[in-house]
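**Student:**
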Amino acid sequence: MSNITLTIDGQTIEVPKGITILEAAKKINVKIPTLCHHEDLCVAGNCRVCVVEVKGKHRLEASCAVPAEQGMEILTNSAKVRIARQDIVSLLVSEHNTQCTTCYRNTNCELQDLAAEYNVDGNRFLSVLKPNIKIDKSSWSIEKDDSKCIRCQRCVRTCAELQHVNALTASHKGHEMKISTFMDLPFNEVVCTNCGQCVNRCPTGALTERRYFDQVWEAIGDPTKHVVMNTAPSVRVALGEMLGYEVGTRVTGKMVTAMRKLGVDSVLDTDFSADLTIIEEGNELLTRLKKVLVDGDKSVKLPMITSCSPGWVKFIEHMFPNHLGHLSTCKSPQQMFGALTKTYYAEQKGIDPKDIVSVAIMPCAAKKYEANRPEMNASGYRDIDAGLTTREFGLMIKQAGLDFKNLPDSDFDSIMGQSTGAGVIFGATGGVMEAALRTAYAVVTGRSVPFENLNITAVRGTEGVRSASIKVEGCLPEWKFLEGAVLNVAVAHGLKNARVIMDEIAAGKSTYHFIEVMGCPGGCIGGGGQPIPTNAEIRAKRTKAIYEEDMSKPIRMSHENPEITKIYEEFLGKPLGHKSHELLHTHYQKRHRH
Amino acid sequence: MAEIAEIINDKIKHFGRERVALLPILQGIVKEKNFVNNQDMVQIAEALDISAADVFGTASFYSFIDHVERGKYVIRVCKSITCEMKGKHKVLQALEDELRIKLGETTHDKKFSLLQSNCLGLCDQGPAMLINEEAYTHLNPVKVHEIINHFRNLSK
Amino acid sequence: MSTKQVNRADIIFSPYSVAPYEILRLSMQKTKPEVIEEITESGLRGRGGAGFLTGLKWKFFANTDGDEKYIICNADEGEPGTFKDRKLLVEVPRKVISGMAIAAYACNATKGVIYLRAEYNNLIPALKKELDIFDEHAKKFGLKFKIEIFSGAGAYVCGEETALIESMEGQRGEPRNKPPFPIQNGYLGKPTLVNNVETFATASMVCRYGASTYKTYGTSDQRGSKLFSISGDSPKEGVFELELGMKISDFVEEFGDGDTKAVQVGGVAGFCIPRKQFETAIVGEGNTTGGATMIFNSTRSMYNVLHNYLDFFAEESCGQCTPCRVGTQQLLKGIEAVKSGTKPVEYLDDLIKLSKTMQITSKCGLGQSVTNSFTSIVQNFKEEMIY
Numbered sequence: 007m008s009n010i011t012l013t014i015d016g017q018t019i020e021v022p023k024g025i026t027i028l029e030a031a032k033k034i035n036v037k038i039p040t041l042c043h044h045e046d047l048c049v050a051g052n053c054r055v056c057v058v059e060v061k062g063k064h065r066l067e068a069s070c071a072v073p074a075e076q077g078m079e080i081l082t083n084s085a086k087v088r089i090a091r092q093d094i095v096s097l098l099v100s101e102h103n104t105q106c107t108t109c110y111r112n113t114n115c116e117l118q119d120l121a122a123e124y125n126v127d128g129n130r131f132l133s134v135l136k137p138n139i140k141i142d143k144s145s146w147s148i149e150k151d152d153s154k155c156i157r158c159q160r161c162v163r164t165c166a167e168l169q170h171v172n173a174l175t176a177s178h179k180g181h182e183m184k185i186s187t188f189m190d191l192p193f194n195e196v197v198c199t200n201c202g203q204c205v206n207r208c209p210t211g212a213l214t215e216r217r218y219f220d221q222v223w224e225a226i227g228d229p230t231k232h233v234v235m236n237t238a239p240s241v242r243v244a245l246g247e248m249l250g251y252e253v254g255t256r257v258t259g260k261m262v263t264a265m266r267k268l269g270v271d272s273v274l275d276t277d278f279s280a281d282l283t284i285i286e287e288g289n290e291l292l293t294r295l296k297k298v299l300v301d302g303d304k305s306v307k308l309p310m311i312t313s314c315s316p317g318w319v320k321f322i323e324h325m326f327p328n329h330l331g332h333l334s335t336c337k338s339p340q341q342m343f344g345a346l347t348k349t350y351y352a353e354q355k356g357i358d359p360k361d362i363v364s365v366a367i368m369p370c371a372a373k374k375y376e377a378n379r380p381e382m383n384a385s386g387y388r389d390i391d392a393g394l395t396t397r398e399f400g401l402m403i404k405q406a407g408l409d410f411k412n413l414p415d416s417d418f419d420s421i422m423g424q425s426t427g428a429g430v431i432f433g434a435t436g437g438v439m440e441a442a443l444r445t446a447y448a449v450v451t452g453r454s455v456p457f458e459n460l461n462i463t464a465v466r467g468t469e470g471v472r473s474a475s476i477k478v479e480g481c482l483p484e485w486k487f488l489e490g491a492v493l494n495v496a497v498a499h500g501l502k503n504a505r506v507i508m509d510e511i512a513a514g515k516s517t518y519h520f521i522e523v524m525g526c527p528g529g530c531i532g533g534g535g536q537p538i539p540t541n542a543e544i545r546a547k548r549t550k551a552i553y554e555e556d557m558s559k560p561i562r563m564s565h566e567n568p569e570i571t572k573i574y575e576e577f578l579g580k581p582l583g584h585k586s587h588e589l590l591h592t593h594y595q596k597r598h599r600h
Numbered sequence: 039m040a041e042i043a044e045i046i047n048d049k050i051k052h053f054g055r056e057r058v059a060l061l062p063i064l065q066g067i068v069k070e071k072n073f074v075n076n077q078d079m080v081q082i083a084e085a086l087d088i089s090a091a092d093v094f095g096t097a098s099f100y101s102f103i104d105h106v107e108r109g110k111y112v113i114r115v116c117k118s119i120t121c122e123m124k125g126k127h128k129v130l131q132a133l134e135d136e137l138r139i140k141l142g143e144t145t146h147d148k149k150f151s152l153l154q155s156n157c158l159g160l161c162d163q164g165p166a167m168l169i170n171e172e173a174y175t176h177l178n179p180v181k182v183h184e185i186i187n188h189f190r191n192l193s194k
Numbered sequence: 267m268s269t270k271q272v273n274r275a276d277i278i279f280s281p282y283s284v285a286p287y288e289i290l291r292l293s294m295q296k297t298k299p300e301v302i303e304e305i306t307e308s309g310l311r312g313r314g315g316a317g318f319l320t321g322l323k324w325k326f327f328a329n330t331d332g333d334e335k336y337i338i339c340n341a342d343e344g345e346p347g348t349f350k351d352r353k354l355l356v357e358v359p360r361k362v363i364s365g366m367a368i369a370a371y372a373c374n375a376t377k378g379v380i381y382l383r384a385e386y387n388n389l390i391p392a393l394k395k396e397l398d399i400f401d402e403h404a405k406k407f408g409l410k411f412k413i414e415i416f417s418g419a420g421a422y423v424c425g426e427e428t429a430l431i432e433s434m435e436g437q438r439g440e441p442r443n444k445p446p447f448p449i450q451n452g453y454l455g456k457p458t459l460v461n462n463v464e465t466f467a468t469a470s471m472v473c474r475y476g477a478s479t480y481k482t483y484g485t486s487d488q489r490g491s492k493l494f495s496i497s498g499d500s501p502k503e504g505v506f507e508l509e510l511g512m513k514i515s516d517f518v519e520e521f522g523d524g525d526t527k528a529v530q531v532g533g534v535a536g537f538c539i540p541r542k543q544f545e546t547a548i549v550g551e552g553n554t555t556g557g558a559t560m561i562f563n564s565t566r567s568m569y570n571v572l573h574n575y576l577d578f579f580a581e582e583s584c585g586q587c588t589p590c591r592v593g594t595q596q597l598l599k600g601i602e603a604v605k606s607g608t609k610p611v612e613y614l615d616d617l618i619k620l621s622k623t624m625q626i627t628s629k630c631g632l633g634q635s636v637t638n639s640f641t642s643i644v645q646n647f648k649e650e651m652i653y
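Chains A, B and C are the protein sequences, given in the same order.
Residues 7 to 600 in the working numbering are what the first sequence lists, from first letter to last.
Residues 39 to 194 in the working numbering are what the second sequence lists, from first letter to last.
Residues 267 to 653 in the working numbering are what the third sequence lists, from first letter to last.
1. Tell me where the alpha helix (DSSP H) around C/Gln595 begins and ends.
2. Contact criterion: CB-CB distance below 8 Å. Does C/Lys599 meet it with respect to chain A?
3. Could you tell me which of A/Arg157, A/Gln341 and A/Gln105 sits nearest to A/Glu588, measuring between CA atoms?
4. Buried or exposed for A/Pro581, going by 16 or more other Cβ atoms inside 10 Å?
5. Is B/Glu56 close to chain A, meaning its C-beta is less than 8 Å from at least one C-beta of that chain?
6. In chain order, which continuous runs of the beta strand (DSSP E) of length 3 or greater are located wholly inside the stretch 16-75 of chain A?
7. Among A/Gly250, A/Arg266 and A/Thr214, which one has its Cα closest to the Cα of A/Ile226?
8. Quick check on C/Lys395: buried or exposed, where buried means 16 or more other Cβ atoms within 10 Å of its Cβ?
9. Here's a check: name, in chain order, each residue in its chain whose Cβ is nearer than 6 Å to the Cβ of A/Pro359, leaving out the five neighbours to either side.
10. Using the beta-carbon of each residue, which ones in chain A are nearer than 7 Å to C/Gly593?
11. Where do the ends of the beta strand (DSSP E) carrying A/Arg472 lie?
12. State yes or no: is the beta carbon of B/Gln65 nearer than 8 Å to at least one beta carbon in chain C?
13. Compare the C-beta of A/Lys179 against all C-beta atoms of chain B and say whether one is closer than 8 Å.
14. Does A/Met235 come out as helix, strand or coil in the three-state DSSP assignment?
15. Count the C-beta pairs between the stretch 243-251 of chain A and the stretch 389-401 of chain A that are closer than 8 Å, then say yes if the count reaches three, no if not.
16. Exposed or buried, what is C/Thr297 when buried is set at 16 or more other beta-carbons lying within 10 Å of its beta-carbon?
17. So, with DSSP's three-state summary, where would you put A/Thr13?
18. What does the alpha-carbon distance come out to for the pair A/Leu120 and B/Ile169?
19. Examine the Cβ distances between the stretch 179-186 of chain B and the stretch 123-133 of chain B and report whether three or more of them are shorter than 8 Å.
20. Please report the straight-line C-alpha distance between A/Val497 and A/Arg444, rounded to a whole angstrom.
21. Within the same chain, show all residues whose beta-carbon is closer than 6 Å to that of A/Gly437, passing over the 5 residues directly before and after it, in chain order.
22. Helix or strand or just coil, what does DSSP make of C/Lys527?
23. Going along chain C, which residues have a C-beta under 7 Å from A/Arg207?
24. Taking B/Asp92 as the query, report the chain A residues whose CB atoms sit under 7 Å from its CB, ordered along the chain.
25. Using the beta-carbon of each residue, which ones in chain A are nearer than 9 Å to B/Phe99?
26. Could you say which of C/Leu620, C/Pro610 and C/Lys350 lies nearest to C/Glu503 if we only look at CA atoms?
27. Listing by chain order, which chain A residues have their CB less than 8 Å from the CB of B/Ala83?
Written out as structure tokens, the structure reads:
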């Protein structure tokens, strides 16, 4: 690619041809404000706050949308530009609900930042905020408040480009233009998967997760309740961002201490049930393989696809309702954890399950919805009583006034607090696959996977769909039917890529045996409940932290987790056994597509 | 009334199973029954393999694609400045009186809907209106009475 | 600057003096560059409103490679006060179609579309018949060019060429970022030439009479003749073909009712010229205009006029870009507030400044042009805005 030369604010630079003025400016650290622009999404060019002056042109140009050209002379901070930007921000404020003090995104809002930077006078223009806007709280996971919407359409693009769900659209035109679901139906009645990626990319408080931390505080304050908290693997590598740490900092030990300080009765780890998932899911895969390869059972579907990601599960229910047989019947680690909390844990601790409040701290918006799926009550109670996001959890720590950075490290409680590196890597795309392979290979051959340090790098990375083939050799006698078989596996993250995988399956062209799908780009580290903002660089740093956490663990294969061995001995019996079936497995339902 | 599926298939035959068929399909349905409802949009979305929200987003952009129920005869009175100057208000009042409905409403018998429209391109012949696709010009209250009567008789 | 009297021209609506599509046949005997040169030489500018040089646009289009190239006739005439394209399509559709076909020949395009606004759906049957006749002739002349009609669905902004293309693709009619321009990347990503109905009709007449003859009309600033849609307080409402370069005073003399206080030139996106400027202003000065001229006499409230315009803009903005979506609402609410006394008179100055910001920051011509009528009405009829 050839280079071009241009000047920005008097500084001459050479940049590759084809990049935008905004990207060129970034290269020399000239900051141009943006709102509708997001690195993960295509160019919209509709908010117009990024306008710059191009010498020789009367009109300003949207720097996010206009390519840098040879010889351009650009001013990013002329009087003309400043006045225009101030006008535009003022206009946005004039159609905005400016009750910032009561907004969940207060102090983390891009419009608020710009309004402050440009010292916008709130009385400059008349308010054109539409009256009587109702907040849509119909969904368990996501709240939509149109009074905070600046119509940048980041959410629409996220839902379309990254997730291929298209639950959101711009509707109407002119002063009536807004962001809508199909026919403006409530969120819980449309195709929304609750992934929360729109929430992560909303610059304001128009789209937020539904909050449940007040209920958790209430339970903590209630002496008759025994509050059990479990935290997902990816929370520990992102929570720090809420509390003053650099992106990619692992804060596991401090996080555990913080939970105790909040007054939680038992601080446990979802990584434990991630390990458990591997045992159940691994056995399910091997059973399916046997049924198909040896018994020729046509009713059993391959490839088998993971079911830990509730956004993905809802996606397949809506989009591919005739292919639900491919989903593993395993519940997600969160739901396994919940079911066991109110049975095994209660039994072991001698606590009446009705007095237990199980709280899951998740990187996810869809987990809230998953916890409230009607069938998630195998224990006889709601398996999970409250699902909080990393963001809500960070807020609770702030509310408690904890000096997080100076907290000592501590370890999870027992039981159900011990985990392996395999459980940890559930947090990144490819992690479930890698964890499953580590265990399955060991179970079948009695040896470790043939990769250095157990790191199966072929399934790691950021490609949307990745695949690998592993030849199974030297099987133990009971697995002889797999001798010499080549196991084809694939990993997909982001629902756009899940659709690619599913289209293949629907067309009967899939050659895979086992597929991991995560609903969010990057997997859980990029989940819809993680700290805002998100972008490729942030996701890469969190991923790196996940693999560091894995390497720091003394045990790195799920089946070697002593608490897992113990739970089968004391409670579950055997994988896929009667109790497992009752508590740890689930079923799915067909849903409509709008 | 032609089946919605028939209209969809007909347009797909011409435009292909592509997004470009969307507006023609919506227009085809509107031509048939003057508005597009939820089920129609879901059906279109399935046929074109696009999301129902996208169908709604597109439909709601265009003022000639109604997604709320309309009567058999949709009246669109031009509200541009020249029609306004020539007495649009009187025409609108006459229509409201004649039909006993307010602007934006549909008569109980579902025969007439009364709407306004931006410029109809009949500025030299204002006040003007469309009834479905036909244009009526140089309107006054007397003429409005005659026209509405004509349509009442038509649908008897 | 030279000016012209109000001279009726009789080029565009002249009766068909030759056999159907004879102009096309004759044009096809010239080389393609010759045809484009003829159009360029005539100085013809786009008659939709933006006024880009037609010959230059055709040349760019001819130079763009593509196995499938589209020519779109923009018949989405939605500008309040404009109705010339309707008349062209009703009375001389062959001149329009000939213009498209000549462009197709000169620029190697094989697909044609007439994007017809929904309000004109009742013209479709007659147009289809005309297209059948054209097909026969095209076949006879060996021109591979098929024209279809695409019906709009009621959105003023679709007159903007990229919004029009989005609409044809089944999307919301939201204007695109430019570059790329449709000439390179238009309908379905193919090279696409979009011209107004009158532009095509005029182009065919340039080919009929030759650029040298056409150039004798008009002034050095504005070549040729063009159609004017005249409405409002005029005893002679209708479409007139006039030589370009008229002074407003002469125009008012000819078409006004003797009590004209203002003339809106170029539709609501154009300028409102007050009586005191009639002597100095030239019709279409600064922009070649779509030719909409609305005449207001002294009984009209210019506040009502502006309010009507702003209501239109606030409704017809596509809504995607901030300055246009919110700006139009602010201008509308703003003049209401000044009128009712809830905002001081000085607020009008703030609004004018806002309209200037809209002009330099809006994504497309809709938001960019609101300032024209807004500023000219507010500045020239300030008392009417207040009392």
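Even for Gly, the Cβ is constructed at its ideal location relative to N, Cα and C.
**Tutor:** Concretely, from the data shown:
1. Thr588 to Ser606
2. yes
3. A/Gln341
4. buried
5. no
6. 17-22 and 57-60
7. A/Arg266
8. exposed
9. Lys348, Ala352 and Tyr387
10. Leu97
11. Val471 to Lys477
12. yes
13. yes
14. strand
15. yes
16. exposed
17. strand
18. 49 Å
19. yes
20. 15 Å
21. Ile431
22. strand
23. What A/Arg207 touches in chain C: nothing, since even the nearest Cβ is about 17 Å away.
24. Asn172 and Thr175
25. Ala176, Ser177, His178, Lys179 and Met183
26. C/Lys350
27. Arg599 and His600
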